[in-house]
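Counting in UniProt numbering, the sequence shown runs from 1 upward without gaps.
C-beta: ideal position from N, C-alpha, C; glycine also.
Predicted, not measured: the structure shown is a model, and the values here were computed from it.
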Amino acid sequence: MRNLQGRLDLCSINTATLGHREPLSRTIERIARAGFGGIAPWRREVEEGDVALFARQIKALDLTVTGYCRSTYLPAATSAEFNANVESNRAALHDAAVLGARCFVMVVGGIVPGSRDLEGARAQVIDGISMLMETARDCGVPLALEPLHPMYAANRAVVNTVAQALTICETVDPDRTGLVGIAVDIYHCWWDPELTASIAAAGQAGRIMAYHVCDWLHETGDMLLDRGMMGDGVVDLPAVRSCVERAGYDGLVETEIFSAQNWWRREPDEVLAICAERLQTVC
1 MRNLQGRLDL CSINTATLGH REPLSRTIER IARAGFGGIA PWRREVEEGD
51 VALFARQIKA LDLTVTGYCR STYLPAATSA EFNANVESNR AALHDAAVLG
101 ARCFVMVVGG IVPGSRDLEG ARAQVIDGIS MLMETARDCG VPLALEPLHP
151 MYAANRAVVN TVAQALTICE TVDPDRTGLV GIAVDIYHCW WDPELTASIA
201 AAGQAGRIMA YHVCDWLHET GDMLLDRGMM GDGVVDLPAV RSCVERAGYD
251 GLVETEIFSA QNWWRREPDE VLAICAERLQ TVC
């Protein structure tokens, strides 16, 4: 396992960690000034401005774009709505290419409102990913499926384990072209008793495209907006990273924390300083 001490160049900050409280250009500057090597911007921030200007700023500050967050949900009640969701993701892939993103993070969506068709939603996800592969190839930006914790299966993601995501990758991309892979986020997968084996299998298939860290608090107060800072919760972070890196992942370690009642209320530079300290000491 790599030693992160003194190696913030191997670490990235997902802009959600700072709570989307400032213009993206200011957030980019803060992250670079704090010494991190990478950034993962969110679409809502990028789409509020000029993607080309953001791309030039990121490049000038020598930051790696570890991922572009995130996709439009795929499952829909009608064919027209489904096709519109696919087209939205195609447009985002073009922006990801301008940014030079290493991957486009796919949070695939939940069950269609008013429906109970879980398998149908998962079938739409497979169809949508298949339809996006040509654009991913043209843009040079692979799709990174991010399995979410099962508590999100209804409304955010019907892909819930690394093994399930790997099965989808192998289904839509049996030739392992590098166009479809997995974003491993410890918040969503730390609990999985098959995690070690699943990560090893994903690594063997060359599918691990991103690795996201935070922590799971022992008493989580909100399933979406109460993620913990690394070291404040129950996850054995070094063990998970060791597993991911043994599987062949050599990309940046990306911090992504949603924390409406804690970290989003603190000064951004304080948050970045604590992220830097924790990445180097407990991850």
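{"Item": "Best match in R207, A239 and A205 for proximity to V213 [C-alpha to C-alpha]", "Value": "A239"}
{"Item": "Beta carbon of A153 nearer than 9 Å to that of I186", "Value": "no"}
{"Item": "Entirely enclosed beta strand (DSSP E) segments - the segment 17-59, minimum 3 residues", "Value": "38-40"}
{"Item": "Range of the contiguous beta strand (DSSP E) that encloses V184", "Value": "V180 to D185"}
{"Item": "Cβ distance (whole Å) where V282 is taken to contact A183 below 8 Å", "Value": "Going by Cβ atoms, the distance from V282 to A183 rounds to 21 Å, so no, they are not a contact pair."}
{"Item": "Between the CA atoms of M223 and V235 - distance to the nearest angstrom", "Value": "16 Å"}
{"Item": "Contact under 9 Å by Cβ, V172 with I208", "Value": "no"}
{"Item": "CB of A165 within 9 Å of CB of A202, strictly", "Value": "yes"}
{"Item": "DSSP state of E267 mapped onto helix, strand, coil", "Value": "coil"}
{"Item": "Delimiting residues of the beta strand (DSSP E) encompassing N14", "Value": "C11 to N14"}
{"Item": "Those residues which DSSP pairs with M106 across a bridge", "Value": "L145"}
{"Item": "Alpha carbon of V51 to alpha carbon of P23, nearest angstrom", "Value": "13 Å"}
{"Item": "Outcome for H188 when other beta-carbon atoms lying within 10 angstroms are tallied against a minimum of 16", "Value": "buried"}
{"Item": "Top-ranked residue by Cα proximity to R266, from S12, R21 and C11", "Value": "R21"}
{"Item": "Those residues which DSSP pairs with T255 across a bridge", "Value": "I13 and V213"}
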